[in-house]
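> Quick one: structure below, then a few questions.
2 protein chains.
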Amino acid sequence: MQKVLYPQREEWEKLLERPDNGLEDVYDTARGILDDVKRNGDAALLKYTRMFDGAGLKTLEVTQNEVDEACMQVNSDLKDAILVAKQNIETFHQSQKTQKEVVETMPGVQCWQKSVAIDSVGLYIPGGTAPLFSTVLMLGIPAKIAGCKKIVLCTPANSEGKVNPAILYAASLVGVDQIFKLGGIQAVGAMAYGSETVPSVAKIFGPGNRFVTAAKQLVSLKDVAIDMPAGPSEVMVLADESADAAFVASDLLSQAEHGADSQVIFVTNSEGLLEDVEKEVEQQLQELPRKEIAEKALANSRLIVLKTTDEMLDICNQYAPEHLIVSMRDDELIGNKVVNAGSVFLGNYSPESAGDYASGTNHTLPTHGYANAFSGVNLDSYMKKITFQKISAFGLAKLGPSIEVMAEAEQLMAHKNAVTVRLKKMEN
Amino acid sequence: MQKVLYPQREEWEKLLERPDNGLEDVYDTARGILDDVKRNGDAALLKYTRMFDGAGLKTLEVTQNEVDEACMQVNSDLKDAILVAKQNIETFHQSQKTQKEVVETMPGVQCWQKSVAIDSVGLYIPGGTAPLFSTVLMLGIPAKIAGCKKIVLCTPANSEGKVNPAILYAASLVGVDQIFKLGGIQAVGAMAYGSETVPSVAKIFGPGNRFVTAAKQLVSLKDVAIDMPAGPSEVMVLADESADAAFVASDLLSQAEHGADSQVIFVTNSEGLLEDVEKEVEQQLQELPRKEIAEKALANSRLIVLKTTDEMLDICNQYAPEHLIVSMRDDELIGNKVVNAGSVFLGNYSPESAGDYASGTNHTLPTHGYANAFSGVNLDSYMKKITFQKISAFGLAKLGPSIEVMAEAEQLMAHKNAVTVRLKKMEN
Chain A
-1 MQKVLYPQRE EWEKLLERPD NGLEDVYDTA RGILDDVKRN GDAALLKYTR MFDGAGLKTL
59 EVTQNEVDEA CMQVNSDLKD AILVAKQNIE TFHQSQKTQK EVVETMPGVQ CWQKSVAIDS
119 VGLYIPGGTA PLFSTVLMLG IPAKIAGCKK IVLCTPANSE GKVNPAILYA ASLVGVDQIF
179 KLGGIQAVGA MAYGSETVPS VAKIFGPGNR FVTAAKQLVS LKDVAIDMPA GPSEVMVLAD
239 ESADAAFVAS DLLSQAEHGA DSQVIFVTNS EGLLEDVEKE VEQQLQELPR KEIAEKALAN
299 SRLIVLKTTD EMLDICNQYA PEHLIVSMRD DELIGNKVVN AGSVFLGNYS PESAGDYASG
359 TNHTLPTHGY ANAFSGVNLD SYMKKITFQK ISAFGLAKLG PSIEVMAEAE QLMAHKNAVT
419 VRLKKMEN
Chain B
-1 MQKVLYPQRE EWEKLLERPD NGLEDVYDTA RGILDDVKRN GDAALLKYTR MFDGAGLKTL
59 EVTQNEVDEA CMQVNSDLKD AILVAKQNIE TFHQSQKTQK EVVETMPGVQ CWQKSVAIDS
119 VGLYIPGGTA PLFSTVLMLG IPAKIAGCKK IVLCTPANSE GKVNPAILYA ASLVGVDQIF
179 KLGGIQAVGA MAYGSETVPS VAKIFGPGNR FVTAAKQLVS LKDVAIDMPA GPSEVMVLAD
239 ESADAAFVAS DLLSQAEHGA DSQVIFVTNS EGLLEDVEKE VEQQLQELPR KEIAEKALAN
299 SRLIVLKTTD EMLDICNQYA PEHLIVSMRD DELIGNKVVN AGSVFLGNYS PESAGDYASG
359 TNHTLPTHGY ANAFSGVNLD SYMKKITFQK ISAFGLAKLG PSIEVMAEAE QLMAHKNAVT
419 VRLKKMEN
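For the protein sequence lines, the chains are A and B, in the order given. By the numbering used here, the letter at position 150 of the first sequence is numbered 148, and the numbering carries on one by one without gaps. By the numbering used here, the letter at position 254 of the second sequence is numbered 252, and the numbering carries on one by one without gaps.
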């Protein structure tokens, strides 16, 4: 872990640099596989599944029998925990519903917004080292609350052609309509273009490695919407002497174990705390099964000491972390001044893993500095806002002349005429 | 205009086909100019401005003197009209503000969302045949309401190096911070990468031709957020015998005059109305200064007769029009069933030009079928939603065990430990 004491502001940019996400290198590969999927449908999907996942599948769709079997395999402790998480995620995302509000901008001129569900959505759940059933909850629950009519899920099978039971249980619980054994670029292509068995969708959600991310970006240029650009996960912790070094260390490590490319940045105004945290990290690290991964991530991490709370806030807003933990005496006051972050955890008893699993907030969040312009996944991500207007004859009589003047000034006479013909009719 | 009576559902897809947007052909050009701008800054910007806009500029930024002069040149009728529009656009976008609502998902587990302005935004205003000062209002007003700290505007100058006075007036009125004489790919590059004189921004907004759109897409892959993919403008009109043929014709023509690639689709259940509309279009067309453009657009338009209201709704939702006009007896009932559209105009006195200019709704809307997944520009487009959580020791005591079970099942033991260390501390 690199320790940096009282860096000058000019040094911050360098200090906060993120590793290149390596997307440029994989666009060509992604383009090739996407084109093949577009042209050859299921045949291409089966081919790449055999090639990359080692699974010699005959059919891509998970059957009801497989789901039922998986549901029996999940133990009841895990089922109970998943139900608690589901309840909280539902409560929080349900609260994000908005009411239609008709605004009369002028007498007789009524305007309103209406949130309408995106008809069909595709959820991508990575395979790999950890079976991320929690992501099924995070992506599936708001889709259901929004009212999406078709929810499709793709996740790679292992080399025996099996999907982790907890993923199937969670998918069934939240009401996913169809599950396919598909991963990587080919999964993205299937949901973007459709195939004989996989339906195309209007928007694709979910995290993934750089191949998945590159594929999502490419299909988003033309065919389908995506949730956001994804990158390696990251956390920043702001802490003062009111923080608990063991807690902070555990939070840093839970980010570090995600992957060797995870980013962990600790910022404090207390040199003493920094030393304690460092010791605690070293100690807790020894106990972790994913120690090797965490060590690699920690090698790129930074422990930074700054003088003032204002500086700490500034460095945070400059970095725009995906996750931000504020373990400081004035956590809420400081949280109020955060302008760039994905999800913020306030106080000593709000570990990132609460939001990762079960407190109710979403864990699909903007990484790589995108928190400066993107929201994490929320109910709105599954809806679009359509605007409506209804103008009465009286309203148009009042508003119309302004429209005529503006249209004429933009040299769009047919736009003007659409008002003029109506105003004339009223005169008669 | 192509007339189609009672087409079968299987024929709809072909009937509703949009022309290719030609983006594939210009990505290489856009990439080249963007790279040059990134490397060479102002020198490249000045070079391309001379090359494409014919303006031999020494400096890119519009001076306060130029703005003051422009404000004097705009006549008072137009100023008054712009003020009416500004007031309505402000009222409607102001109403889109949301209040922070703290949700207690479980006792001791508080979660909330907070909307925070994107710090810096760039607005692109096309030059070309019509001076689109209305787009300055549509993009600038919500940016100001959101609280964006830096609002930059790029618009191409003419070959004399001048910007249309109404554009400068509108920019000054809404509170744009800096205006640059820049158009096309180079403008997008300047706002994405920054140069010696142009600051980089976090999100770029605004319509443009396919070069601008391709450039926005390319910079969005890595460097900056964009509002939405843009394409040629389009309108669909649903009308029954309660509609006024002259009004409908004026609406079709106001779309058609936008550009030769504009799309106009008229759908009715009345053959009689269709004939009347056709005659009215022919008649009104003769009076238009932009007749030639409108004629080209009309050549690609469709007049469709269907049997039932349900079919009319289905074809509309399948097409996902940018603008939808519902001139039908049950306009509000039908509007309620619209699920794919950018902006909807209900009744006989709500012409599209009202929303284009002055009723209060935004005119920057998803085209090319993107209304199936994208909202038009609205207040949220200038903000991101950050989630917060604060969990008490009591709350974590209740929620923690579920997190531990889930983290363990995902084989993320450090995630589990972040809870365990806290629960242990409480026991002591």
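For glycine and all other residues, C-beta sits at the position ideal for the given N, C-alpha and C.
(1) What does Q97(B) touch in chain A if you count any residue whose Cβ is under 9 Å from its own?
(2) Does chain B have any CB closer than 8 Å to the CB of S351(A)?
(3) Quick one: does K294(B) have its CB under 8 Å from some CB of chain A?
(4) Quick one: grab the DSSP three-state call for A223(A).
(5) In this structure, how does DSSP classify G120(A) when only helix, strand and coil are distinguished?
(6) So, at 7 Å on beta carbons, what are the nonlocal neighbours of L377(B) in its own chain, with the 5 sequence-adjacent residues on each side left out?
(7) Please return the same chain residues whose Cβ sits closer than 6 Å to the Cβ of S351(B), not counting the five positions on each side in sequence.
(8) In the DSSP assignment, what are the bridge partners of V233(B)?
(9) In angstroms with no decimal places, state the Cα-to-Cα distance between D259(A) and S118(A).
(10) 8 Å is my cut-off, CB to CB: does S357(B) come that close to chain A?
(11) Reducing DSSP to helix, strand and coil, say where F372(B) ends up.
(12) List, in order along the chain, the chain B residues whose C-beta lies closer than 7 Å to that of T89(A)?
(13) Whose C-alpha, out of G367(B), S379(B) and K383(B), is nearest the C-alpha of G374(A)?
(14) How about Y4(A): is its C-beta nearer than 8 Å to some C-beta of chain B?
(15) Just to make sure I have the definition right: I need the residues of chain B whose C-beta is within less than 9 Å of the C-beta of E255(A). Which are they?
(16) Would you list, in chain order, the members of the stretch 279 to 290 of chain B that have their beta-carbon closer than 8 Å to a beta-carbon of chain A?
(17) Would V2(B) and L13(B) be called neighbours here (beta carbons separated by less than 8 Å)?
(18) So, S268(A) versus E239(A), is the Cβ gap smaller than 8 Å?
(19) Mapping the DSSP letters down to three states, classify L394(B) as helix, strand or coil.
(20) Strictly below 7 Å CB to CB, what residues from chain A border R420(B)?
(21) So the beta strand (DSSP E) F386(B) belongs to, where does it begin and stop?
(22) Could you check where the alpha helix (DSSP H) with V464(A) kicks off and where it finishes?
(23) Express the C-alpha separation of E99(A) and E406(A) in angstroms, rounding to a whole number.
(24) What are the start and end residues of the beta strand (DSSP E) that includes Q108(A)?
(25) Would you kindly report the start and end of the unbroken beta strand (DSSP E) that includes Q176(A)?
(26) Residues of chain A with a CB under 8 Å from the CB of I139(B): which are they?
(27) With 16 as the cutoff for other CB atoms within 10 Å, does M49(A) come out buried or exposed?
(28) Specify, as a first and last residue, the run of the alpha helix (DSSP H) that V217(B) falls within.
(29) From Q97(B) to K112(B), what does the alpha carbon distance come to, in whole angstroms?
(30) Around the Cβ of D242(B), are there at least 16 other Cβ atoms within 10 angstroms (buried) or fewer (exposed)?
(31) Against chain A, which members of the stretch 158 to 173 of chain B pass a CB distance test of less than 7 Å?
(32) Quick one: what does DSSP say T27(A) is sitting in, helix, strand or coil?
(33) Helix, strand or coil for Q97(A) per DSSP?
(34) With a Cβ-Cβ cutoff of 8 Å, do A200(B) and N207(A) count as a contact?
(35) Spell out the partners DSSP gives K36(A) in its beta bridges.
(36) Would you decide whether L410(B) is buried or exposed? Buried here means 16 or more other CB atoms lie within 10 Å of its CB.
Taking the definition as stated:
(1) The sequence position of residue 97(B) within the second sequence is 99, counting from 1. Within chain A, no residue comes near Q97(B); the closest Cβ sits about 11 Å away, beyond 9 Å.
(2) Residue mapping note: residue 351(A) aligns to position 353 of the first sequence, counting from 1. It does; some Cβ of chain B falls within 8 Å.
(3) Locating residue 294(B) in the second sequence gives position 296, counting from the first residue. Answer no: the Cβ-Cβ gap between K294(B) and chain A never drops below 8 Å.
(4) Your numbering for residue 223(A) matches position 225 in the first sequence. The answer is strand: DSSP assigns A223(A) an E or B state.
(5) Locating residue 120(A) in the first sequence gives position 122, counting from the first residue. Three-state result, G120(A): strand.
(6) Here residue 377(B) refers to the residue found at position 379 when the second sequence is read from its first residue. Around L377(B): H91, Q94, K95, P140, I143 and A144.
(7) Your numbering for residue 351(B) matches position 353 in the second sequence. Same-chain partners within the cutoff: S252.
(8) Here the question's residue 233(B) lines up with position 235 in the second sequence. V262(B) and H321(B).
(9) Translated into the one-based positions of the first sequence, residue 259(A) becomes position 261. Translated into the one-based positions of the first sequence, residue 118(A) becomes position 120. Answer to the nearest angstrom: the Cα atoms are 33 Å apart.
(10) The sequence position of residue 357(B) within the second sequence is 359, counting from 1. Cβ-Cβ to chain A under 8 Å: yes for S357(B).
(11) For this step, residue 372(B) is matched to residue 374 along the second sequence. Coil at F372(B), not helix or strand.
(12) Residue mapping note: residue 89(A) aligns to position 91 of the first sequence, counting from 1. Residues of chain B passing the Cβ test: V101 and T103.
(13) For the purposes of this step, residue 374(A) is identified with residue 376 of the first sequence, where counting begins at 1. Closest by alpha carbon: K383(B).
(14) Position 6 of the first sequence, counted from the first residue, corresponds to residue 4(A). No, its Cβ sits nowhere closer than 8 Å to a Cβ of chain B.
(15) Taking the first sequence and counting its residues from 1, one reaches residue 255(A) at position 257. Here the neighbours are L410, M411, A412 and H413.
(16) Q282, E285, L286, P287 and R288
(17) Taking the second sequence and counting its residues from 1, one reaches residue 2(B) at position 4. Taking the second sequence and counting its residues from 1, one reaches residue 13(B) at position 15. For V2(B) and L13(B), yes; Cβs fall inside 8 Å.
(18) As a first step, residue 268(A) is located in the first sequence; it is residue number 270 there, counting from the start. As a first step, residue 239(A) is located in the first sequence; it is residue number 241 there, counting from the start. The answer is yes: Cβ separation under 8 Å.
(19) In the second sequence, the residue the question calls residue 394(B) occupies position 396. Reduced to three states, the DSSP call for L394(B) is helix.
(20) Reading the second sequence from its first residue, position 422 is the one you call residue 420(B). The answer, in chain order, is F245, Y347 and P349.
(21) On the second sequence, residue 386(B) is found 388 positions in, with the first residue counted as 1. Here the beta strand (DSSP E) through F386(B) covers M381 to I389.
(22) Any property of residue 464(A) remains undetermined from this structure, which presents chain A solely from -1 to 426.
(23) Position 408 of the first sequence, counted from the start, is the residue given in the question as residue 406(A). Position 101 of the first sequence, counted from the start, is the residue given in the question as residue 99(A). The alpha-carbon atoms of E406(A) and E99(A) are separated by roughly 32 Å.
(24) In the first sequence, counting from the first residue as 1, residue 108(A) sits at position 110. Run containing Q108(A): V107 to A115, per the beta strand (DSSP E) assignment.
(25) One-based indexing of the first sequence puts residue 176(A) at position 178. That run of the beta strand (DSSP E) goes Q176 to K179.
(26) Within the second sequence, residue 139(B) is the residue found at index 141, counting from 1. Neighbours of I139(B) on chain A: none; closest Cβ ~12 Å, over 8 Å.
(27) Locating residue 49(A) in the first sequence gives position 51, counting from the first residue. Exposed, because fewer than 16 other Cβ atoms sit within 10 Å of the Cβ of M49(A).
(28) By 1-based counting over the second sequence, the position of residue 217(B) is 219. Note, V217(B): alpha helix (DSSP H), R208 to S218.
(29) Taking the first residue of the second sequence as position 1, residue 97(B) is located at position 99. Taking the first residue of the second sequence as position 1, residue 112(B) is located at position 114. When rounded, the distance between both Cα atoms is 8 Å.
(30) The residue you call residue 242(B) lines up with position 244 of the second sequence. D242(B) should be labelled buried.
(31) A164
(32) On the first sequence, position 29 is the one that residue 27(A) refers to. Residue state, collapsed to three classes: helix.
(33) Counting from 1 along the first sequence, the entry for residue 97(A) is found at position 99. Correct three-state label for Q97(A): coil.
(34) Start at 1 with the first residue of the second sequence, and residue 200(B) comes out as number 202. Start at 1 with the first residue of the first sequence, and residue 207(A) comes out as number 209. No; because the gap between Cβ atoms is not below 8 Å, this pair is not in contact.
(35) Within the first sequence, the letter at position 38 stands for residue 36(A). K36(A) is not bridged to any residue.
(36) For the purposes of this step, residue 410(B) is taken as residue 412 along the second sequence, with counting starting at 1. By the 10 Å Cβ count, L410(B) comes out buried.
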